[in-house]
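Chains as they are written, first to last, in my numbering: chain A, 718 to 1143; chain B, 2 to 255.
Some notes on the structure that comes next.
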Amino acid sequence: MTAVAERHEAVIAQFEAFRRDPAFGTGSHRDRREAAFGRFLERGFPTTRDEDWKFTNVAPIAATPFVRAGQPAVPPAALEPFLFPGIGHQIVLVNGRLSAGLSSIDRLPAGVTVRALIDAAPGGESLPGRTAFADLNEAFAESTVVIEIAPKTVVTEPLHLINLTVAEAKPTLVLPRVRVTIGEAAQVSLVESYAGLGEANTLTTAVTLIDLGPGAVADHVKLQRESSQAYHLANVVIRLSRASTFSSYALTFGGRIARNDITAVLGGEGAECTLDGLYVVDGETLVDTHTTIDHAMPHCPSHEVYKGILAGRARAVFNGKIIVRPDAQKTDAKQTNKALLLTDDAQINTKPQLEIFADDVKCTHGAAIGQLDEDAMFYLRARGIGPLEARNFLIHAFAGEVLDEIKIPVVRDTAMRLMEQKLLLG
Amino acid sequence: MLLEVNDLRVKVEDKEILKGLSLSVNPGEVHAIMGPNGSGKSTLARAIAGHPAYEVTGGTVRYDGKDLLEMAPEDRARDGVFMAFQYPVEIPGIQNGYFLKAALNALRKHRGEPELDAVEFMQFVRAKAKALGMDQAMLSRSVNEGFSGGEKKRNEIFQMAVLEPRLAILDETDSGLDIDALKIVAEGVNALRSPNRAIVVVTHYQRLLNYIVPDYVHVLSSGRILRSGGKELALELEAKGYGWVDAALAGAKA
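Below you can see the structure in the form of structure tokens.
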């Protein structure tokens, strides 16, 4: 334990300080925090010796004394650049805490409720795919934002959950914790965006748990557009019941380290899940995506398309695990992972991981890594299209396979624009 | 003179393919370049289009009085050079119509003409598609993606009809076409014959030349033009095969 203790001095000191804070809570809340922190210390910050963190070195995070974020006042104007025109329902978290003032909680559609609760913690020990950072989040987060969609409610306008990170004087620890419960036969689109004010050192550990009732339909866009100094480590867990349908689009455009652990558990017959993603990064950014699709029940299709565009010295890791449990006959799982390396210094490590325990299943996976297709470039140029425009065309076409699937036009256009800005496309 | 190729030498992957080829083409003429596999027919087409894998190591190519070899591929295209690809490239995610509009507007801009907006472009392009018997649904499909061999070749001729080049080079456009598709392609090419336009047809077989009747036929072998003549030369080749070409070459070397 001494080695662990040394590497965790800063976080232990922070937790001890938190114990003396009234927000730490008492009784069951205190016990839950202590248990979560105990679990965190048991594993500690992952190292590159851990198979799941082989290419993602979080030593700079462990070495930084992050301090629990305060509650800075944010004027509504500061939020403007991150809003989507035409999407009026916004739930705003500033440094991980629900901001009633900036949110439109009193104007939500019928059947939708949003609350911040201390004791509605998602998962705990049993959270599927839980990383050490999820335990850290549970130990430190003051409350959970609970979004509930009542059964049979069809929410026509998307809900926008904005996580705004405001850098403070000291390295800032931000702990968003969100639970979304979608009732039977309800339908909703949720956009979860992460944006930062300022370029300073921040660590966001986010946990989002989404439960779909029988026959529920949900779309989830996770848009990560924090600064190149931000560390972002998120666990997204989706639990699907019978005949529910879930589509996820994880769009990553920023961060120093941006890691998503996305776990979907197909826990009812006929549930259908799509996990798509696009990351477009440059500079020194490391984007790490670990997805798990757990086929626990029969007759469940799943689709997964991840695409990456890497410039500068950016690096990416993609690990796509598909588990087909013994009962999950007639599973139909498709996984594709493609990356475009625009510079010689960009690199990706990619690995499919199939664990199949049923015999009557279809599982396919494919990966393709490469530069822009030279034949396509020449074809376009031979028709009079200049090299910059041709490159622009091919990059848009590459990203389009994911972006075109996003059903909210303003979100799709924003993602396109963020990609263009990142790659300096005209 | 629209195109003047003089003593052209071209290397592909360190292998010299064209070894001093000369060819002159005037506006209004149709030239056929024939020859056995490996003679350098497609290399000539691709070098003129500016393919980066084809390295010019000697000779000159003048186009409309300009040094063509100094021009980037897109500048050649904007100036009226068009190559129908032997293997049209599939580009998933880019709509045919969108691609063609960008290409046409790049050419129009270069010529100092106003660019067409989406509505004007659709009107212009629909008429062209109709003339070639093409399904307009093709315009909203991705460039060549999932097209049959015949559809791809027809799409090349369609692009040519839209872009109205001054010099069109057809790189084995007939290969892999059944006779019906061949006729459609030939009709499309014939419709574009004009006193201001030159067409160079690169082909292995005489068959296409039944439908696109050339003014001149050149027989290419080992990177040089071995013989030039009128359309009857194609028939002679058809009758005798390419065997005599090799024999003539062996004789020349001896």
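Just so it is clear, CB atoms sit at the ideal spot from N, CA and C, and this is done for glycine as well.
These numbers were taken from a predicted model, which means no experiment stands behind them.
Sequence-distant partners of G98 of chain B (beyond 5 residues in either direction) whose C-beta falls short of 8 Å from its own C-beta, in its chain, are F122, M123, V126, L140 and S141.
Legend: CB atoms of the segment 1103–1117 of chain A lying less than 9 Å from CB atoms of chain B belong to residues G1103, P1104, E1106, A1107, F1110, L1111, H1113, A1114, F1115, A1116 and G1117. Between F86 of chain B and chain A, the shortest Cβ-Cβ separation is below 9 Å.
Under the DSSP assignment, S23 of chain B falls in the beta strand (DSSP E) whose first and last residues are K16 to V26.
Assignment of beta-bridge partners to P875 of chain A by DSSP yields no partner.
With the criterion set as a beta carbon lying under 7 Å from some beta carbon of chain A, the members of the segment 101–116 of chain B are A103, A104, A107 and L108, in sequence order. DSSP places I729 of chain A outside any beta strand (DSSP E); the residue lies instead in the alpha helix (DSSP H), whose first and last residues are E726 to R736. Taking a Cβ-Cβ threshold of 7 Å, none of the residues of chain A is close to Q207 of chain B; the smallest such distance is about 27 Å. Under the Cβ criterion of 9 Å, A1099 of chain A is counted among the residues facing chain B.
For T1131 of chain A, the secondary structure class from DSSP, reduced to helix, strand or coil, is helix. For L992 of chain A, same chain residues with a beta-carbon under 7 Å away, outside a window of 5 residues either side, are S965, I979, A981, T1008, I1010 and E1021 in chain order. Contact annotation for P93 of chain B against chain A: A1114 and E1118 [CB-CB distance below 8 Å, chain order]. Look at the beta carbons and you see the segment 146–155 of chain B not touching the segment 66–79 of chain B: under three pairs across the two are nearer than 8 Å. Counting other Cβ atoms within 10 Å of its Cβ, I1026 of chain A reaches 16 or more and is therefore classed as buried. Neighbourhood of R79 of chain B in chain A, by CB distance below 8 Å: G1101, in chain order.
Listed by position along chain A, the residues whose Cβ is nearer than 7 Å to that of V90 of chain B are D1092, A1093 and Y1096. Judged by DSSP secondary structure, V775 of chain A falls outside any beta strand (DSSP E); it is assigned neither H nor E. Taking the Cβ atoms as the reference, A138 of chain B lies roughly 39 Å from N27 of chain B, outside the contact range of under 8 Å.
Chain-order list of chain A residues neighbouring P74 of chain B: F1095, R1098 and A1099, by C-beta distance under 8 Å. Per DSSP, A827 of chain A is not a residue of any alpha helix (DSSP H), being assigned neither H nor E.
In chain order, A1099 make up the part of chain A whose C-beta sits under 7 Å from the C-beta of A50 of chain B. Judged by DSSP in its simplified three-state form, H52 of chain B adopts coil rather than helix or strand. Annotation: the segment 53–92 of chain B contains the following complete segments of the beta strand (DSSP E) (minimum length 3 residues), in chain order: 55–64 and 82–85. C-alpha of R756 of chain A to C-alpha of P888 of chain A: approximately 24 Å in a straight line.
Nearest CB-CB separation between L164 of chain B and chain A: below the 9 Å threshold. Taking the Cα of G60 of chain B as reference, the smallest distance to any Cα among B:P215, B:N145, B:W245 and B:G224 is reached at B:G224.
At a cut-off of 9 Å, the C-beta of S143 of chain B has a neighbouring C-beta in chain A. Distance from the CA atom of D928 of chain A to the CA atom of I955 of chain A, rounded to whole angstroms, is 6 Å.
The Cβ atoms of R959 of chain A and A988 of chain A lie closer than 9 Å to each other.
If you look at P1018 of chain A, you'll find it isn't in any alpha helix (DSSP H); it sits in the beta strand (DSSP E) that goes P1018 to L1027. The count of Cβ pairs closer than 8 Å, one atom from the segment 1092–1105 of chain A and one from the segment 1122–1136 of chain A, stays below three, leaving the stretches out of contact. Taking 8 Å as the upper bound on Cβ-Cβ separation, chain A lies near residues Q160 and L164 of the segment 152–185 of chain B. Taking a Cβ-Cβ cut-off of 8 Å, the neighbours of P53 of chain B in chain A comprise E1091 and F1095, given in sequence order. Under DSSP, the beta-bridge partners assigned to E1072 of chain A are A:I1040. For K1079 of chain A, the enclosing beta strand (DSSP E) begins and ends at K1079 to G1087. The DSSP-derived three-state label of E865 of chain A is strand.
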